[in-house]
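Right, one structure below, let's go through it.
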Amino acid sequence: SERRKWIHCFENVTSIIFLVALSEYDQILFESENENRMEESKALFKTIITYPWFQHSSVIL
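If you want this note's numbering, it's the position in the sequence shown, counting the first as 1, plus 35.
Written as structure tokens, this is what we have:
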């Protein structure tokens, strides 16, 4: 995916600010008519915080 192409650029990140648009709770992804945007954001957050590069990074929600 596109995200996997750029994720290695963040190897020395000290903090992450993760924002999600609350207005998208009832919207679907442009790329996939079966996936809710809020659910996709939650999955992305889980993916981000489990990467080894962010093991010592602070997370701000």
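We put the CB at the ideal spot given by N, CA and C, even for glycine.
These numbers were taken from a predicted model, which means no experiment stands behind them.
Problem - Where Ser58 sits in the DSSP three-state scheme - result: Position 23 of the sequence shown holds residue 58. Here Ser58 sits in helix by DSSP.
Handout entry: Ser92 vs Ser50 beta-carbon contact at 8 Å
Key = By one-based count along the sequence shown, residue 92 stands at place 57. By one-based count along the sequence shown, residue 50 stands at place 15. Against a cut-off of 8 Å, the Cβ pair of Ser50 and Ser92 comes out as a contact.
Problem - Per DSSP, the bridge partner or partners of Asn22 - result: Absent from the structure is residue 22, since the part of the chain shown begins at 36 and ends at 96.
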